[in-house]
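**Student:**
2 protein chains.
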Amino acid sequence: MGRPLLPAAPGSPRAGAPGERVDGPPAPRHSPGAVGLVLARPARLLGVEPFFMEFIAGIEERLAEHDLSVLLHVVPHHEAEIAAYRRWAARGLVDAVALVNPTVGDRRPEVLTELGLPAVVVGNPGDGTDLPAVRTDETGPVRDALARLLELGHRRIARVGGPADLLHTVARTRALREGCREAGIEPVVVEGDYSDEAGARLTARLLSAPEPPTAIMYDNDVMAVAGLEAAGAAGVAVPDRLSLLAWDDSPMCRLASPPLTTMSVDVHRFGSLVADTLLELVAGRPATPRESPAARWVRRGSTGPAPAD
Amino acid sequence: MGRPLLPAAPGSPRAGAPGERVDGPPAPRHSPGAVGLVLARPARLLGVEPFFMEFIAGIEERLAEHDLSVLLHVVPHHEAEIAAYRRWAARGLVDAVALVNPTVGDRRPEVLTELGLPAVVVGNPGDGTDLPAVRTDETGPVRDALARLLELGHRRIARVGGPADLLHTVARTRALREGCREAGIEPVVVEGDYSDEAGARLTARLLSAPEPPTAIMYDNDVMAVAGLEAAGAAGVAVPDRLSLLAWDDSPMCRLASPPLTTMSVDVHRFGSLVADTLLELVAGRPATPRESPAARWVRRGSTGPAPAD
């Protein structure tokens with residue numbers, strides 16, 4: 001199960017002979033006692049989307065046992081994220097970082113390797129990096145969700161996805177297109193940014209088409225809840241005329257009216273698995289490959305049989 | 001408006017002659033580039049309650065302009081919080097800290113002063129500390145909320161408060177009791193912990209009393225939403241038989257059915273005001289006294305006239 005020992009930061013007291021295992025306890029006293037997490041997104045989205053708070057809670061729960069903190073930085077784009085990594089590495093501010101939202105053509109893994117900053121990728125990394133990762137299956141859950149919608153008789157299926165440059169958006173889109181091709185249908189996929197504003201606007205647009213979808217899948221919970229409101233505003237009954245399926249799960253999904261069926265992700269567990277890998281990196285140990293449980297269908301009131309007409 | 005210059009950390013490059021103003025730019029290059037925030041609560045609550053994510057988003061939005069990050073640490077109690085401050089001070093990990101949830105007999109301000117760690121109190125500090133603060137009026141909004149419930153004819157009023165050792169819980173309870181005394185009524189106040197579990201349990205208990213309340217005020221949004229569900233489970237119609245009033249505001253309140261009337265707090269603004277003071281402290285400048293806007297009544301569907309019988 002072992003991966004090669006990650007290079008320790010130059011000049012770090014952790015640096016041993018090449019290939020040497022350093023089996024010290026996590027968070028040695030000379031370390032900063034922090035792991036870094038940069039979110040490249042508008043700060044206003046932070047307060048809206050439950051995902052990252054739940055994720056950070058999962059990380060913190062494990063780190064707190066080792067007196068480690070999370071150094072949290074919010075930046076508008078990846079250039080600023082890379083600048084933060086350079087600053088952190090130069091000043092020795094963090095022992096390791098969690099890299100979130102890997103993208104197509106992502107430069108960040110290479111920069112982190114150059115900087116000698118131990119890092120774990122949250123989700124499935126792209127080709128060309130051997131950073132450790134906490135992976136998760138994106139294909140299976142999309143296939144599963146599609147199968148259930150098809151069983152309910154839906155043939156006009158749309159998806160409000162996340163940003164198209166994210167690797168997990170690409171993976172979900174590919175799985176949806178392949179599954180639909182096998183079923184002899186063509187999905188409509190539109191790109192959102194995870195905000196309630198995008199969820200509302202894109203849902204309204206989908207519903208105003210000449211042949212509107214009878215089922216919409218969303219790539220997070222916030223867009224789905226906003227989509228439910230937009231359907232109500234457009235006079236489209238859920239689930240009688242339209243089935244809605246959220247992704248991730250949060251109190252918002254349970255408290256919506258009707259409550260939202262969702263592909264539920266154990267975000268807290270995802271965070272604690274990432275923390276387990278971070279703790280290994282901080283201790284200079286090889287990272288154990290980990291996989292977070294796949295999203296699973298949780299049926300609530302927003303999905304039903306496709307309308308007959 | 002100026003307060004006395006805060007003592008710089010011993011040995012800090014910021015330390016000038018006593019009383020000397022240091023008007024350098026924020027985040028000088030030799031600084032760690034971080035402000036600390038310790039939350040003393042179970043990590044599982046983090047993912048549930050929107051307040052702190054919104055608050056952190058408000059802080060981050062201002063700090064990011066100055067390349068400062070938030071060092072976030074979650075601990076179970078104040079002893080562990082104080083230990084974190086000692087560790088941070090010893091290692092020079094943060095330039096300043098935001099102290100949240102000031103309590104009765106709080107030891108933390110004294111420890112921070114001893115450690116020479118610049119700090120801002122989030123909310124109204126207790127007596128016996130001269131730490132700078134971003135204050136907010138707790139009394140006025142409680143008076144306002146009570147007046148509106150009285151106008152609607154409610155005389156049996158209950159409140160599901162936050163932890164009783166928090167200064168702002170004490171202030172709200174006192175304001176409620178005083179206002180009720182003037183109106184010739186006696187409120188029922190029970191203590192919650194801001195969790196959905198407490199909101200549900202305490203609401204069920206209040207509603208099973210021989211003379212149940214016709215209006216319940218909650219000290220946050222999560223307990224209110226859970227209370228709404230509990231009322232539904234108990235067969236008590238909202239707002240026909242029972243009016244519910246949340247505190248803070250979040251998408252959950254708007255998406256509940258009926259949507260919750262709330263004392264809305266601009267949490268994002270609160271965070272950015274705290275960041276403004278933190279930036280002053282980091283620069284070694286005197287802290288400007290600041291006040292965050294008071295909570296204001298936002299009427300939605302969960303409040304109505306008291307039932308006639």
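Protein sequence lines correspond, in order, to chains A and B.
Counting from 1, one number per residue, gives the positions in the first sequence under the UniProt record's numbering.
Counting from 1, one number per residue, gives the positions in the second sequence under the UniProt record's numbering.
Heads up, the beta-carbon is just placed ideally off N, CA and C, and yes, glycines get one too.
Note that the structure is a prediction, hence the values are computed from the model and not measured.
In whole angstroms, give me the CA-to-CA distance for Arg181 (chain B) and Val120 (chain B).
**Tutor:** Working through the second sequence from its first residue, we reach residue 181 (chain B) at position 181. Working through the second sequence from its first residue, we reach residue 120 (chain B) at position 120. Near 35 Å, if we compare the C-alpha coordinates of Val120 (chain B) and Arg181 (chain B).
**Student:** His168 (chain B): buried (16+ other C-beta within 10 angstroms of its C-beta) or exposed?
**Tutor:** Taking the first residue of the second sequence as 1, we reach residue 168 (chain B) at position 168. With 16 or more Cβ atoms within 10 Å of its Cβ, His168 (chain B) is classed as buried.
**Student:** DSSP three-state call for Tyr218 (chain B): helix, strand or coil?
**Tutor:** Indexing the second sequence from 1 puts residue 218 (chain B) at position 218. Here Tyr218 (chain B) sits in strand by DSSP.
**Student:** Would you call Pro132 (chain A) buried or exposed, if buried means 16 or more other Cβ atoms sit within 10 Å of its Cβ?
**Tutor:** Counting from one through the first sequence, the residue named residue 132 (chain A) turns up at place 132. Classification for Pro132 (chain A): buried.
**Student:** Exposed or buried, which one is residue 310 (chain A) when buried takes at least 16 other CB atoms within 10 Å?
**Tutor:** This structure cannot speak to residue 310 (chain A), because chain A is shown only from 1 to 309.
**Student:** Could you tell me the distance, in whole angstroms, from the CA atom of Gly11 (chain B) to the CA atom of Val35 (chain B)?
**Tutor:** Position 11 of the second sequence, counted from the start, is the residue given in the question as residue 11 (chain B). Position 35 of the second sequence, counted from the start, is the residue given in the question as residue 35 (chain B). Note that Gly11 (chain B) scores a pLDDT of 35, beneath 50, so its modelled location is shaky; the value from the coordinates is reported in the next line. Computed Cα separation, rounded: 18 Å.
**Student:** Val94 (chain A) to Phe270 (chain A), Cα distance in whole Å?
**Tutor:** By one-based count along the first sequence, residue 94 (chain A) stands at place 94. By one-based count along the first sequence, residue 270 (chain A) stands at place 270. Rounded to whole angstroms, Val94 (chain A) to Phe270 (chain A) spans 21 Å at the Cα level.
**Student:** Please classify Val225 (chain B): does DSSP put it in a helix, a strand, or coil?
**Tutor:** Within the second sequence, numbered from 1, the residue matching residue 225 (chain B) stands at position 225. Reduced to three states, the DSSP call for Val225 (chain B) is helix.
**Student:** List in chain order: all unbroken beta strand (DSSP E) runs of 3+ residues lying wholly within the region 102-147 of chain A.
**Tutor:** Runs of the beta strand (DSSP E) inside the region 102-147 of chain A: 119-122, 133-136.
**Student:** Per DSSP, which residues does residue 310 (chain A) bridge with? Please list them.
**Tutor:** With chain A covering 1 to 309 only, the question about residue 310 (chain A) has no answer from this structure.
**Student:** Taking only three categories from DSSP, how would you classify Val160 (chain A)?
**Tutor:** In the first sequence, residue 160 (chain A) corresponds to position 160, counting from 1. Residue state, collapsed to three classes: strand.
**Student:** Among B:Ala256, B:Asp248, B:Asp240, which has the Cα closest to the Cα of Thr214 (chain B)?
**Tutor:** Counted from its first residue, the second sequence places residue 214 (chain B) at position 214. The candidate whose alpha carbon is nearest that of Thr214 (chain B) is B:Asp240.
**Student:** To which residues does DSSP link His73 (chain A) through a beta bridge?
**Tutor:** Walking along the first sequence from the start, residue 73 (chain A) turns up at place 73. His73 (chain A) is bridged to A:Val38.
**Student:** Which residues of chain B have a Cβ atom closer than 9 Å to the Cβ of Met223 (chain A), listed in chain order?
**Tutor:** Here residue 223 (chain A) refers to the residue found at position 223 when the first sequence is read from its first residue. Residues of chain B passing the Cβ test: none, with the nearest at roughly 12 Å.
**Student:** Judging by CA-CA distance, which residue of B:Arg174, B:His268, B:Glu211, B:Ser69 is the nearest neighbour of His154 (chain B)?
**Tutor:** Residue numbering aside, residue 154 (chain B) sits at position 154 when the second sequence is read from its first letter. Answer by Cα proximity: B:Glu211.
**Student:** How about Leu37 (chain A) and Leu68 (chain A): do their beta carbons lie closer than 8 Å?
**Tutor:** Stepping through the first sequence from its first residue, residue 37 (chain A) is reached at position 37. Stepping through the first sequence from its first residue, residue 68 (chain A) is reached at position 68. Result no, Cβ atoms of Leu37 (chain A) and Leu68 (chain A) do not sit closer than 8 Å.
**Student:** Could you give the C-beta distance for Ala226 (chain A) and Asp196 (chain A), rounded to a whole number, given that I count them as a contact under 8 Å?
**Tutor:** Counting from 1 along the first sequence, the entry for residue 226 (chain A) is found at position 226. Counting from 1 along the first sequence, the entry for residue 196 (chain A) is found at position 196. Yes, Ala226 (chain A) and Asp196 (chain A) are in contact; Cβ-Cβ is about 4 Å, under 8 Å.
**Student:** When you compare only the Cα positions, how much space is there between Val298 (chain B) and Pro305 (chain A)?
**Tutor:** In the second sequence, residue 298 (chain B) corresponds to position 298, counting from 1. In the first sequence, residue 305 (chain A) corresponds to position 305, counting from 1. About 38 Å.
**Student:** Unbroken alpha helix (DSSP H) runs of length 4 or more, entirely within the region 229-284 of chain B: which are they?
**Tutor:** Here the runs fully enclosed are 251-255, 267-282.
**Student:** Along the chain, where does the beta strand (DSSP E) containing Leu99 (chain A) start, and where does it finish?
**Tutor:** Here the question's residue 99 (chain A) lines up with position 99 in the first sequence. Its beta strand (DSSP E) spans residues 96-99.
**Student:** Excluding the 5 residues preceding and the 5 following Ala200 (chain A) in the sequence, name in chain order all residues of the same chain whose CB lies nearer than 6 Å to its CB.
**Tutor:** Reading the first sequence from its first residue, position 200 is the one you call residue 200 (chain A). Answer for Ala200 (chain A): Ala226, Ala230, listed in chain order.
**Student:** Locate the alpha helix (DSSP H) running through Glu191 (chain B), then write down its first and last residues.
**Tutor:** Here the question's residue 191 (chain B) lines up with position 191 in the second sequence. Here Glu191 (chain B) belongs to no alpha helix (DSSP H); instead the beta strand (DSSP E) covers 188-191.
**Student:** Which residues, in chain order, does the region 86-108 of chain A contribute to contact with chain B at a C-beta distance below 9 Å?
**Tutor:** Under the 9 Å Cβ criterion, the region 86-108 of chain A contributes Arg87, Trp88, Arg91, Leu93.
**Student:** Under 8 Å, do Val274 (chain A) and Ala98 (chain A) count as touching if we go by C-beta distance?
**Tutor:** Looking up residue 274 (chain A) in the first sequence gives position 274. Looking up residue 98 (chain A) in the first sequence gives position 98. Contact: yes.
**Student:** Between which two residues does the alpha helix (DSSP H) harbouring Arg181 (chain B) extend?
**Tutor:** Residue mapping note: residue 181 (chain B) aligns to position 181 of the second sequence, counting from 1. Counting along the chain, the alpha helix (DSSP H) containing Arg181 (chain B) begins and ends at 167-182.
**Student:** Consider the C-beta atom of Ala83 (chain B) and the heavy atoms of the ligand ATP; say whether any pair is separated by less than 7 Å.
**Tutor:** Although the ligand ATP was asked about, the structure shown includes no ligands whatsoever.
**Student:** Assuming the contact rule is C-beta atoms closer than 8 Å, Gly179 (chain A) and Arg143 (chain A) should be a hit. Round their C-beta distance to whole Å, please.
**Tutor:** In the first sequence, the residue the question calls residue 179 (chain A) occupies position 179. In the first sequence, the residue the question calls residue 143 (chain A) occupies position 143. About 5 Å separates the two Cβ atoms, so the contact holds.
**Student:** Out of curiosity, what's the CA-to-CA distance linking Thr203 (chain B) and Arg41 (chain A)?
**Tutor:** Taking the second sequence and counting its residues from 1, the one referred to as residue 203 (chain B) is at position 203. Taking the first sequence and counting its residues from 1, the one referred to as residue 41 (chain A) is at position 41. When rounded, the distance between both Cα atoms is 38 Å.
**Student:** Do you know whose CA, among A:Leu45, A:Arg159, A:Leu228, lies nearest Glu54 (chain B)'s CA?
**Tutor:** One-based indexing of the second sequence puts residue 54 (chain B) at position 54. Checking every option, the nearest Cα to that of Glu54 (chain B) belongs to A:Leu45.
**Student:** Can you tell me which of the three DSSP states Glu291 (chain B) falls into?
**Tutor:** Your numbering for residue 291 (chain B) matches position 291 in the second sequence. Of the three classes helix, strand and coil, the one that applies to Glu291 (chain B) here is strand, per DSSP.
**Student:** Alpha carbon to alpha carbon, how far is Leu279 (chain B) from Ser243 (chain A)?
**Tutor:** For this step, residue 279 (chain B) is matched to residue 279 along the second sequence. For this step, residue 243 (chain A) is matched to residue 243 along the first sequence. Using only the alpha carbons, I get a separation of about 48 Å.
**Student:** Could you compute how far the alpha carbon of Glu61 (chain A) sits from the alpha carbon of Asp266 (chain A)?
**Tutor:** Translated into positions along the first sequence, residue 61 (chain A) becomes position 61. Translated into positions along the first sequence, residue 266 (chain A) becomes position 266. Each residue's alpha carbon lies about 14 Å from the other.
**Student:** Would you tell me roughly how many angstroms separate the C-alpha atoms of Ala171 (chain B) and Leu260 (chain A), rounded to the nearest one?
**Tutor:** Taking the first residue of the second sequence as 1, we reach residue 171 (chain B) at position 171. Taking the first residue of the first sequence as 1, we reach residue 260 (chain A) at position 260. Each residue's alpha carbon lies about 38 Å from the other.
**Student:** Is there a Cβ of chain A sitting closer than 8 Å to that of Trp297 (chain B), yes or no?
**Tutor:** Looking up residue 297 (chain B) in the second sequence gives position 297. No, its Cβ sits nowhere closer than 8 Å to a Cβ of chain A.
**Student:** Just verifying my parser: in three-state terms, what is the DSSP assignment at Ala83 (chain B)?
**Tutor:** Along the second sequence, read from residue 1 onward, the residue named residue 83 (chain B) stands at position 83. Helix, per DSSP.
**Student:** From the DSSP output, in three-state form, read off Pro305 (chain A) for me.
**Tutor:** For the purposes of this step, residue 305 (chain A) is taken as residue 305 along the first sequence, with counting starting at 1. Pro305 (chain A) falls in the coil class under three-state DSSP.
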